[in-house]
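Numbering (this note's numbering), first residue to last: 738 to 917. Note that CB positions come from ideal geometry on N, CA and C, so glycine has one too. None of these values were measured; they are calculated from a predicted model.
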């Protein structure tokens, strides 16, 4: 499965980068997120409860960042396990670019694979669930950005947890690649 999209955020590039690297913001924005833990400067672990069609499970995931270029983007790899529900793994790239002093374009693309019961559900249900989760994340994220103080965000940090988690989350719902 491949997911690619962009979103205009109502904040500066520095504010967007800072919010994408704030554990509390991310945990509040990711649907079903029970925990989000940094295990190293470029590594994160998350626990998320998700329901996709008839499959409901508690997923544990690991994310690793690379090619970090604060505050403009990075690449990441991810993997998640949901026990009998299945697994996901993949890679993603996230880029931020300023539109104006108060607006930033966020572009993301991810490729992922899923297995187990998730892979048996059907791509339409999985795709719909992934889009619903992404929409809910952005609704919450934009609410966080618009309720934040008007002052400029603190200096950017080197890792975007949001991108890691968002792409890992998407990976949970990826279609398996066709064997050729």
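request  = Would you decide whether residue 826 is buried or exposed? Buried here means 16 or more other CB atoms lie within 10 Å of its CB.
outcome  = Residue 826 should be labelled buried.
query = In chain order, which beta strand (DSSP E) runs of at least 3 residues are fully inside the segment 835–884?
reply = Within the segment 835–884, the runs of beta strand (DSSP E) that reach at least 3 residues and sit entirely inside it are, in chain order, 840–852.
ask   = Who are the near neighbours of residue 782 in its chain, counting only those whose CB is closer than 6 Å to its CB and skipping five residues on each side?
value = Excluding sequence neighbours, residue 782 sits near 774, 776 and 799.
task = Tell me whether the beta-carbon of residue 802 lies closer than 8 Å to the beta-carbon of residue 779.
result = Yes, these two residues count as a Cβ contact at 8 Å.
inquiry  = Between which two residues does the beta strand (DSSP E) holding residue 787 run?
reply    = Counted as a single uninterrupted DSSP element, the beta strand (DSSP E) harbouring residue 787 occupies residues 780–789.
query = Can we say the segment 851–869 touches the segment 745–762, given the rule of at least three CB pairs closer than 8 Å?
reply = Look at the beta carbons and you see the segment 851–869 not touching the segment 745–762: under three pairs across the two are nearer than 8 Å.
key: Same chain, Cβ closer than 6 Å to residue 816, neighbours up to 5 away in sequence not counted   = Shown here for residue 816: same chain residues with a beta carbon closer than 6 Å to its own, the five before and five after excluded, namely 799 and 826 in chain order.
request  = May I ask you to report which of helix, strand or coil DSSP gives residue 819?
outcome  = Here DSSP, grouped into helix, strand and coil, assigns residue 819 to coil.
Where residue 791 falls, given that 16 or more other Cβ within 10 Å makes a residue buried = It counts as exposed.
request  = Note down the Cα distance separating residue 740 from residue 857, rounded to an integer number of angstroms.
outcome  = Taking the Cα positions, residue 740 is about 19 Å away from residue 857.
request  = Could you check the C-alpha separation between residue 685 and residue 855 for me, to the nearest Å?
outcome  = The requested residue 685 is not part of the displayed model; the chain covers only 738 to 917.
query = Straight-line CA distance for residue 878 to residue 820?
reply = So the two alpha carbons sit approximately 29 Å from each other.
query = Which word fits residue 785, buried or exposed, when buried means at least 16 other C-beta atoms lie within 10 angstroms of its C-beta?
reply = With 16 or more other Cβ atoms within 10 Å, it is buried.
key: Of the residues 747, 769 and 751, the one placed nearest residue 874, counting alpha carbons only   = That would be 769, whose Cα lies nearest to the Cα of residue 874.
ask   = Roughly how far, in whole angstroms, is the beta-carbon of residue 831 from the beta-carbon of residue 845, given that I think they are within contact range, below 8 Å?
value = For a cut-off of 8 Å, the C-beta gap from residue 831 to residue 845 is around 5 Å, short enough to register as a contact.
Buried versus exposed, by CB contacts within 10 Å (16 or more), residue 808 = Residue 808 comes out buried.
Nearest neighbour of residue 748, chosen from 839, 853 and 794 [CA to CA] = Of 839, 853 and 794, the smallest CA-CA separation from residue 748 is found for 839.
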